[in-house]
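Below: the structure, in structure tokens.
In this note's numbering, the protein residues as written are 240 to 872.
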């Protein structure tokens with residue numbers, strides 16, 4: 240394993256560079272606050288958030304290059320800290336407004352909210368220590384956005400000719416996103432039609448970033464995500480539609496069935512798949528814990544390479560224990576019920592490990608931008624609510640307790656997803672794990688102080704739709720928070736649709752059995768549960784460009800006779816550029832939305848968008864084939 244690490248790491252373990260220097264901490268904290276503010280608005284407005292990793296890396300490279308400073312590990316710390324703000328904001332807006340929706344608060348109290356956010360970020364970062372080695376070194380998950388982020392840092396450090404595919408991809412991805420943003424073509428091309436008592440749907444997002452993710456994860460994962468989408472949208476929606484009163488447009492009905500039924504099938508599949516993943520990796524997790532304890536017992540880090548020195552496990556466990564006890568105190572301040580507060584603290588601790596484990600695994604498959612953190616939250620919300628109901632806790636007390644636990648899991652899982660992705664980036668470029676983990680905790684505490692003011696500012700300015708705070712047509716939809724509150728209400732009133740969850744369990748069992756059979760036959764194609772669960776849970780339109788990107792990867796592999804579908808060709812750098820370009824322009828448009836500025840194209844054509852996207856994919860294929868072939872000659 241030591242040799243493998245040296246081959247993988249851009250900066251060798253024996254070379255030390257400044258990482259937690261003041262300049263990197265300051266820039267990282269500034270970017271964390273910026274991304275927290277941006278995501279808070281976007282999440283409440285549309286339910287969508289933006290990833291910080293790649294944009295923050297590019298900003299760090301530009302800033303320190305202007306200062307004539309060249310330090311790839313310092314840039315890595317900056318993007319790590321920045322990710323804390325983005326992740327915590329996403330987790331907060333998905334859940335905390337639910338406390339307003341169920342009339343617990345009219346405004347989120349500053350110190351209470353700040354404490355919850357800081358504790359959730361610390362728990363997420365500390366618990367990730369347990370899964371770093373199993374997921375990154377042993378399971379060897381693809382980490383598509385992690386690869387892209389590492390490529391950005393490495394190419395930015397090297398400069399010269401190696402930057403061409405990345406820069407070209409960045410320009411192409413940026414232009415594509417800009418033209419989509421002004422409405423030259425829609426972000427999604429989709430259609431649905433009623434046929435008798437049923438309906439049929441098909442659609443695709445027009446996104447170079449999603450296609451690039453498909454390219455990086457490879458054909459196996461891309462196919463499974465697509466199959467999940469087909470199962471949910473092409474097979475199950477028409478069947479369920481025959482038992483549903485079809486009122487309104489076919490497209491609205493398709494999304495209504497997906498939101499009220501198909502998503503819960505995805506949650507059921509995800510729940511059983513997550514438990515199976517933890518069970519299957521129990522040996523690797525146990526080895527990680529054992530090696531962490533062994534390292535903690537040593538008086539020094541002698542014998543452990545710099546690139547393997549992570550937060551000592553005893554320190555991580557002490558942090559988790561201390562902050563969980565503090566959390567119980569915060570819960571008591573909110574609920575004024577000591578027994579309930581202790582129970583909620585214990586539930587949060589147990590479910591946090593489940594949430595962190597699943598979030599880390601899914602991030603390794605599809606990247607933090609596509610992490611279905613709301614699905615992970617729903618899964619844990621169901622478990623918490625059921626336990627509280629079984630213990631006879633219901634009404635406002637049960638709903639409040641459930642949403643508090645769900646909020647902690649949501650924020651912690653979001654941080655864990657970004658943490659494991661930044662640790663993968665560090666693994667590739669040669670960062671020091673414990674310094675990144677400290678950076679994430681620093682970013683979490685800094686961001687915690689801005690979350691409540693931003694949320695309250697937005698809620699006071701616009702209000703939340705369907706609540707007394709709503710300010711007419713300007714009210715923020717807060718879709719995930721609304722979903723969490725409605726789901727909690729359904730559990731405690733006994734109106735939850737359990738059938739869909741059990742269908743998800745059945746799908747997971749079939750996939751597990753199939754995967755075990757394929758493993759025994761030593762098949763290259765496998766059927767892990769999680770990619771299919773993602774395909775079922777997310778809108779079908781996201782799975783189409785991912786599948787097409789995976790198909791392009793497969794075609795490149797056939798052409799250059801690659802041994803596997805792991806993206807090690809030049810097309811990966813081009814794909815990383817596409818993700819970076821779309822991410823940066825996505826932030827620009829987020830700033831325009833916050834500023835109230837609108838730029839609109841007089842014409843819009845979905846067909847034009849499809850043609851341009853296919854041309855972009857043709858460019859990726861050409862780069863993958865041509866540049867890789869040239870590098871071998």
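Backbone N, C-alpha and C fix where the C-beta goes; we use that ideal spot for every residue, glycine too. Bear in mind that the values here come from a model prediction, so they are computed numbers and not experimental data.
- In this structure, the straight-line span from the alpha carbon of residue 476 to that of residue 470 is close to 9 Å.
- Shown here, residue 696 sits in a helix according to DSSP, grouped into three states.
- The stretch 357-371 makes no contact with the stretch 721-735: fewer than 3 CB pairs, one atom from each, lie closer than 8 Å.
- Bounds of the beta strand (DSSP E) holding residue 429 are 427-434.
- In the three-state reduction of the DSSP assignment, residue 705 falls in the coil class, being assigned neither a helical nor a strand state.
- In this structure the stretch 613-626 touches the stretch 579-591; the number of beta carbon pairs closer than 8 Å is three or more.
- Boundaries cannot be given for residue 777, as no beta strand (DSSP E) includes it and DSSP labels it neither H nor E.
- Considered as a whole, the stretch 317-382 harbours 337-340, 349-371 as its complete alpha helix (DSSP H) runs of no fewer than 4 residues, in chain order.
- When C-alpha distances from residue 319 are compared across 338, 301, 389, 277, the shortest belongs to 389.
- If you draw a straight line from the Cα of residue 816 to the Cα of residue 412, it comes to about 7 Å.
- Residue 675 is not a Cβ neighbour of residue 682, given a cutoff of 7 Å.
- Contact between the stretch 695-708 and the stretch 373-383 is absent: fewer than 3 CB-CB pairs across the two stretches fall below 8 Å.
- For residue 440, the pairing in a beta bridge is given by DSSP as 431.
- Taking C-beta atoms under 8 Å as the contact rule, residue 429 and residue 292 fail to qualify, at a distance of about 29 Å.
- For residue 517, the closest of 504, 767, 468, 669 by C-alpha to C-alpha distance is 767.
- Within the same chain, 247, 248, 249, 385, 386, 389, 393 come within 8 Å of residue 667 by CB-CB distance, once the 5 residues on both sides are set aside.
- Two segments are said to touch when three or more pairs of C-beta atoms, one from each, lie closer than 8 Å; by this definition the stretch 564-583 does not touch the stretch 737-756.
- In terms of Cβ geometry, residue 279 and residue 693 form a close pair [threshold 7 Å].
- In the three-state reduction of the DSSP assignment, residue 765 falls in the coil class.
- A direct Cα-to-Cα measurement between residue 511 and residue 304 gives close to 47 Å.
- A Cβ-Cβ separation of about 7 Å places residue 312 in contact with residue 669 under the 8 Å criterion.
- For residue 454, the uninterrupted alpha helix (DSSP H) segment begins and ends at 447-456.
- Segment contact: the stretch 624-641 against the stretch 592-607, fewer than three CB-CB distances shorter than 8 Å; contact not assigned.
- Proximity to residue 592 across 346, 272, 370 peaks at 370, based on C-alpha coordinates.
- When only Cα atoms are considered, residue 764 and residue 783 end up about 19 Å apart.
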